[in-house]
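Working notes for the structure below.
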Amino acid sequence: MNELENQLLQYLTEKRGFSNVSLSRLGGKSSNHLNFLLQTEGKKYVCRVSDPTGFNAENLTSITDEYTILKLVEPFGVGPAVHSVDPEGFSVPVLIEEFLEGEALKIVTFEKLSAVLRLMKKVENISLTEDQFPFRYSYRSYAASIHGWNRRLEDAKKLLPENDFWDTTLAAFKEVIHKASLVLAEHESSLEAQEPVFIYNDIHGENIIWSDTKEEPIFIDWQKVSRGDPAFMPAVFALAFESDGEFSREKLFSWVIKEYGTDQRLFHLRILEREVANMLWVVWAALKQKKEVPFKQVEEYDRYVRTRELVNNFSA
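In UniProt numbering, the protein residues as written are 1 to 316.
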């Protein structure tokens, strides 16, 4: 155990009154929270704490807000039940929630994907407003997404050395952003006409537990939630699973549109918005964590090449 784990174990026994405690680190992709399996008196929980070294915490729901959202959605069976939250008793906030017996969604079949779409519909149909929860994200307008792209690019520039490689890369990114902005701005009124829905943002296999007992999926890691575009969840879902299984990107996209009943135009516009956002995020996250970017020249960056082709097809 490292120092944080030893302190957490001491906190759970001395301040929270848990007895016969064992604590072990759980895996996962969360970059701003640490998850532990807490076992006590024959019961299992997930102990979730803020990571003091996390690099993107300012853009995520806090541990206390995550507790609030989980309590609000608890009656609908779309996330783990919560036990308690303590924002101040430990060095970082602590959330204790249900441990779900099962595995992250790895084996992808249309049957399991259909079950995830049904889970998404359950989330979408939950009626939550800004009066009930302080949403940090809103997808009611493409203008907000365009602003986010440009902010991300400016943040990346502050982390960059000045050289020909980055001058060329940033110029290429700016061209994609400009063209994509024109496409989305043209369809702004179509999005604004939609009734906003509740959105679970972070759909990917690691955040979907296939329950052993219920034989159905459930979302974990509720640090990103929002309201807005009804095409957001199906678009994020499609991008998360496009490379899994034996189906092509086009076949999966068509299937999702039909199966989920989403508007085809809004779906493809949201795919475009997410592709640009993901293209920028990968580079920004690498720079933020002082890691190498995944390409030596911009034409080798698959996300850039794919996004450029997508926006050019929209613009044609």
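C-beta: ideal position from N, C-alpha, C; glycine also.
Contact under 7 Å by Cβ, residue i with residue j
| i | j | result |
| --- | --- | --- |
| Phe232 | Ile199 | yes |
| Glu216 | Leu117 | no |
| Val311 | Val176 | yes |
| Ile126 | Val73 | yes |
| residue 317 | Trp166 | Residue 317 is absent from the model: the chain starts at 1 and stops at 316. |
| Ala156 | Leu287 | yes |
| Val298 | Thr169 | yes |
| Gly77 | Leu70 | no |
| Trp210 | Glu111 | no |
Separation of residue j from residue i, as counted between CA atoms
| i | j | result |
| --- | --- | --- |
| Asn32 | Glu66 | 13 Å |
| Leu37 | Ser114 | 29 Å |
| Phe99 | Arg25 | 13 Å |
| Val21 | Ala185 | 55 Å |
| Glu250 | Ala193 | 27 Å |
| Asn201 | Phe219 | 10 Å |
| Val82 | Leu266 | 34 Å |
| Thr262 | Ala235 | 9 Å |
| Leu191 | Arg270 | 10 Å |
| Asp86 | Arg16 | 10 Å |
| Asp221 | Glu97 | 11 Å |
| Met120 | Asn163 | 45 Å |
| residue 358 | Glu14 | This structure does not reach residue 358, given that the chain is present from 1 up to 316, and the question cannot be answered. |
| Ser84 | Glu5 | 19 Å |
| Phe173 | Gly148 | 14 Å |
| Asp244 | Val256 | 14 Å |
| Val305 | Thr53 | 32 Å |
Cβ shell of residue i (< 8 Å), same chain only, five flanking positions each side left out
| i | result |
| --- | --- |
| Glu188 | Ser141, Tyr142, Ala143 |
| Lys106 | Gly205 |
| Leu8 | Leu23, Phe36, Cys47, Val49, Phe90, Val94 |
Three-state secondary structure (DSSP) of residue i
| i | result |
| --- | --- |
| Trp210 | strand |
| Thr169 | helix |
| Asp263 | coil |
| Gly148 | helix |
| Thr109 | coil |
| Lys258 | helix |
| Arg16 | coil |
| Asp302 | helix |
| Arg274 | helix |
| Arg308 | helix |
| Ile218 | strand |
| Leu159 | coil |
| Asn35 | strand |
| Ala197 | The sequence shown places Val at residue 197, rather than the Ala named in the question. Val197: strand per DSSP, three-state reduction. |
| Leu95 | strand |
| Thr129 | coil |
| Ala81 | coil |
| Val293 | coil |
Own chain residues within Cβ distance below 6 Å of residue i, not counting five before or after
| i | result |
| --- | --- |
| Ile63 | Ser50, Pro93, Leu95 |
| Tyr301 | Phe295 |
| Arg152 | Leu280, Trp284 |
| Arg308 | Val176 |
| Phe237 | Ile203 |
| Lys44 | Phe99 |
| Gln264 | Ile257 |
7 Å Cβ shell around residue i - same chain, five flanking residues per side excluded
| i | result |
| --- | --- |
| Phe314 | Val183, Leu272 |
| Thr213 | Glu101 |
| Ser138 | Ala144, Ser226, Arg227, Gly228 |
| Thr40 | Phe18, Ser19, Asn20, Val21 |
| Asn278 | Arg303 |
Residue i classed as buried or exposed, judged by whether at least 16 other C-beta atoms fall within 10 angstroms
| i | result |
| --- | --- |
| Gln223 | buried |
| Pro75 | exposed |
| Ala180 | buried |
| Pro134 | exposed |
| Glu275 | buried |
| Asn207 | buried |
| Ala171 | exposed |
| Phe253 | buried |
Distance cut-off 6 Å: residue i Cβ against heavy atoms of the ligand PLP
| i | result |
| --- | --- |
| Ala172 | Ligands are entirely absent from the displayed structure, and the ligand PLP is therefore not among its contents. |
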